[in-house]
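Visitor:
Set out below in structure tokens:
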């Protein structure tokens with residue numbers, strides 16, 4: 205979990221430096237997509 209958290213923090217920092225606005229809702233959405241529904245959809249392919 206720590207490795208994934210570190211990667212996400214780095215990537216969100218990259219996005220913010222390019223002017224992208226980050227919010228808790230966006231982070232929760234992304235994490236849910238990474239480890240929730242999309243993960244299981246990926247395994248089905």
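Residue numbers (the working numbering): 205 to 249. Backbone N, C-alpha and C define an ideal beta-carbon position, used for all residues, glycine too. Values in this document were obtained by computation on a predicted structure and should not be read as measured data.
If the criterion is Cβ atoms closer than 8 angstroms, does the pair residue 216 and residue 226 meet it?
Guide: Yes.
Visitor: From residue 236 to residue 230, what does the alpha carbon distance come to, in whole angstroms?
Guide: Distance between the alpha carbons of residue 236 and residue 230: 10 angstroms.
Visitor: Using the Cα positions of residue 241 and residue 232, report the straight-line distance between them to the nearest angstrom.
Guide: Cα to Cα, the separation comes out at about 13 angstroms.
Visitor: In whole angstroms, give me the CA-to-CA distance for residue 219 and residue 212.
Guide: Computed Cα separation, rounded: 10 angstroms.
Visitor: From residue 210 to residue 246, what distance separates their C-alpha atoms?
Guide: Going from the Cα of residue 210 to the Cα of residue 246 covers about 23 angstroms.
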